[in-house]
DNA sequence: CCATCGCGTTGACTAAGATCAAAGGGGCAC
DNA sequence: GTGCCCCTTTGATCTTAGTCAACGCGATGG
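Protein chains in written order, with this note's numbering: chain P, 116 to 370; chain X, 116 to 370.
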């Protein structure tokens, strides 16, 4: 049993390549949020169909000319930056309904790599045309700005994590974040499959893979989660959340 | 001698409160970038004058309703996030020409605090009106998107720093970044004053203030910089840059 | 002009996570 | 179906930065 436990909605299988926003059950999580039928139809006509990627394939690479942003229709991605001096940092994991590629707007070239961590499908959204349309549809324009701003806020959260949290706190925050996002997509909040390796988790969290593995084991010993390879089940959500208590112990961990 | 060493251009004194973009010598670094005279005049009319802040004053606080973004006209700011569990992370330092407040777009409320680190002045840019204008002026719209995207890319750089670098590498990267930004504003790239405390630097870099202080001392011992309180002079730029060599030693530090 | 307080520096010790190493297990390709 | 390789786990040791503490300087305000 490796597929995620489905709760209620959202059949993630994309039947054909051309699925319109108006028909898409992710629309409330994605770019079309808040559009009326007419405007949604205009957005539909702009979206350049889908693109399927096999696991391991790059959606784009750092340096590629920027033309489009992408909405994840199904599957799972990571983005990472690597510098000329050999450093490698995973900057995010993206799932259905989330937008990829906005890093490329500023320089007209992508500044990170986006890789599918499982077979995936994205919608292609040509950016120049999106700008034209968004100058005509105010709610689209505003929502685009919100999506970009949300990315900035998300990044601040990661900076907080990397700057102030200890290893186990980071992993707890990571699991809680995944849980919440799976839940928002109609999957179980308590049981899911990690699509990424310990090393990728470590890179994202600023830890080594051994540290991630040890933290997983520790959580399991303590009865917070059960974990077997990539399969995770959250057993004690309240205590997992309590791990994020302040480092100064002002609010001591409730034993 | 505490004022920054001025090199050539940019008199940073703002004579009156109402300085138009078209007259501003920061316009090439700021929002009006790339606008022609007509469009610049329209942007002028939108900008709600300036606001002066004394050192230590908040420009906005987390939770404040979002109405405007701000362009730093003069002075120096920090932004920081603090969570209910008592963590505190400086997410950035902003200087003349840089844009503040875009974090607030996504939730209609600011998600971080912005504090003046010296007496400062900002231009107020009402966001709703900016959206209206940018839907009419394509180059303004596009530049706004670039500014937001640049913030995302900058955040990725900080994530890289926090995720992969050691203490001295972080400080070197920080000094080089400041140097480059001062230089872009017509100040010396080699000599400047830090507006922030060791603790604020530490928070930004994910280090304790003692570690920051020790790293400064070490750099000075090694002849890379001279540092006295908040006054820094870069003595050996190449070797400072070489500190950012890869952690795996593939390119060994040139002795 | 002096007292004070905040900021910065430095030292000794501690703890967290990295590093090095080895072995087991699962999934994928053939 | 089987074998191989990558991923993961776990242990022992080492390094780095954090913690705790004390002191000195300098700016600020009375």
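Just so you know, even glycine gets a beta-carbon here, dropped at the ideal spot from N, CA and C.
All values reported here derive from a predicted model rather than from experimental measurement.
Is there a C-beta anywhere in chain X that falls below 8 Å from the one on residue i?
| i | result |
| --- | --- |
| residue 256 of chain P | yes |
| residue 273 of chain P | yes |
| residue 198 of chain P | yes |
| residue 270 of chain P | yes |
| residue 126 of chain P | Confidence in residue 126 of chain P is poor, its pLDDT being 36 and thus under 50, which makes the residue's placement unreliable; the coordinate value appears in the next sentence. Chain X contact via Cβ: absent. |
| residue 253 of chain P | yes |
| residue 183 of chain P | no |
| residue 250 of chain P | yes |
Please report the distance separating the alpha-carbon of residue i from that of residue j.
| i | j | result |
| --- | --- | --- |
| residue 147 of chain X | residue 158 of chain X | 8 Å |
| residue 341 of chain P | residue 311 of chain P | 17 Å |
| residue 326 of chain P | residue 165 of chain P | 38 Å |
| residue 143 of chain P | residue 356 of chain X | 46 Å |
| residue 339 of chain X | residue 293 of chain X | 15 Å |
| residue 347 of chain P | residue 316 of chain P | 14 Å |
| residue 214 of chain X | residue 229 of chain X | 11 Å |
| residue 269 of chain X | residue 313 of chain X | 22 Å |
| residue 354 of chain P | residue 322 of chain X | 28 Å |
| residue 199 of chain P | residue 276 of chain X | 14 Å |
| residue 253 of chain P | residue 242 of chain X | 13 Å |
| residue 176 of chain X | residue 287 of chain P | 28 Å |
| residue 233 of chain X | residue 333 of chain P | 46 Å |
| residue 365 of chain X | residue 194 of chain X | Note that residue 365 of chain X scores 42 on pLDDT, short of 50, meaning its location in the model is unreliable; the coordinates nonetheless yield the value given after this. Taking the straight line joining both Cα atoms gives about 36 Å. |
| residue 190 of chain P | residue 134 of chain X | 50 Å |
| residue 300 of chain P | residue 145 of chain P | 11 Å |
| residue 261 of chain X | residue 185 of chain P | 17 Å |
| residue 209 of chain X | residue 335 of chain P | 43 Å |
| residue 149 of chain X | residue 160 of chain X | 17 Å |
| residue 235 of chain X | residue 141 of chain X | 15 Å |
| residue 238 of chain P | residue 231 of chain P | 14 Å |
Taking 8 Å as the threshold (beta carbon to beta carbon), is residue i in contact with chain P?
| i | result |
| --- | --- |
| residue 193 of chain X | no |
| residue 239 of chain X | no |
| residue 328 of chain X | no |
| residue 367 of chain X | A caution first: residue 367 of chain X carries a pLDDT of 37, below 50, which makes its placement in the model too unreliable to give a value. |
| residue 356 of chain X | no |
| residue 360 of chain X | yes |
| residue 278 of chain X | yes |
| residue 264 of chain X | yes |
| residue 260 of chain X | yes |
| residue 209 of chain X | no |
| residue 202 of chain X | yes |
| residue 340 of chain X | no |
| residue 246 of chain X | yes |
| residue 349 of chain X | no |
What span of residues does the alpha helix (DSSP H) with residue i cover, start to end?
| i | result |
| --- | --- |
| residue 278 of chain P | 253 to 279 |
| residue 326 of chain P | 324 to 336 |
| residue 213 of chain P | Here residue 213 of chain P belongs to no alpha helix (DSSP H), and DSSP marks it neither H nor E. |
| residue 295 of chain P | 282 to 299 |
Given a threshold of 16 other Cβ atoms within 10 Å of its Cβ, counted over all protein chains shown, does residue i qualify as buried or as exposed?
| i | result |
| --- | --- |
| residue 121 of chain X | For residue 121 of chain X, the predicted structure reports a pLDDT of 40, less than 50, and the residue's modelled location is therefore unreliable. A value from the coordinates is still provided. Burial call: exposed. |
| residue 363 of chain X | Because the pLDDT at residue 363 of chain X is just 44, under 50, the model does not fix this residue reliably, and the point stays unresolved. |
| residue 207 of chain X | buried |
| residue 204 of chain P | buried |
| residue 223 of chain P | exposed |
| residue 188 of chain X | buried |
| residue 256 of chain X | buried |
| residue 212 of chain P | buried |
| residue 330 of chain X | buried |
| residue 351 of chain X | exposed |
| residue 68 of chain P | Examination of residue 68 of chain P is not possible in this model, given that chain P is present from 116 through 370 alone. |
| residue 271 of chain X | buried |
Check for me: the beta strand (DSSP E) holding residue i runs from which residue to which?
| i | result |
| --- | --- |
| residue 184 of chain P | 183 to 189 |
| residue 240 of chain X | 235 to 241 |
| residue 165 of chain P | 165 to 168 |
| residue 350 of chain P | Residue 350 of chain P -> no beta strand (DSSP E), and no H or E assigned at all. |
| residue 307 of chain P | 306 to 308 |
| residue 340 of chain X | 340 to 343 |
| residue 156 of chain P | Residue 156 of chain P -> not in any beta strand (DSSP E); alpha helix (DSSP H) instead, spanning 152 to 161. |
The ligand ATP and residue i: does the residue's C-beta get closer than 7 Å to at least one heavy atom of that ligand?
| i | result |
| --- | --- |
| residue 158 of chain P | Judged by which ligands are present, the structure shown has none, so any question about the ligand ATP falls away. |
### Task
Check distances from the C-beta atoms of the stretch 146 to 170 of chain X to those of chain P and list, in chain order, the residues that come in under 8 Å.
For the stretch 146 to 170 of chain X, the set of residues with a beta-carbon nearer than 8 Å to any beta-carbon of chain P is empty.
### Query
If contact means a Cβ-Cβ distance below 8 Å, which residues of the stretch 214 to 225 of chain P contact chain X?
217, 218, 219, 220, 221 and 222
#### Entry: Selection of the stretch 310 to 324 of chain X by Cβ proximity to chain P, strictly under 8 Å
318, 319, 320 and 321
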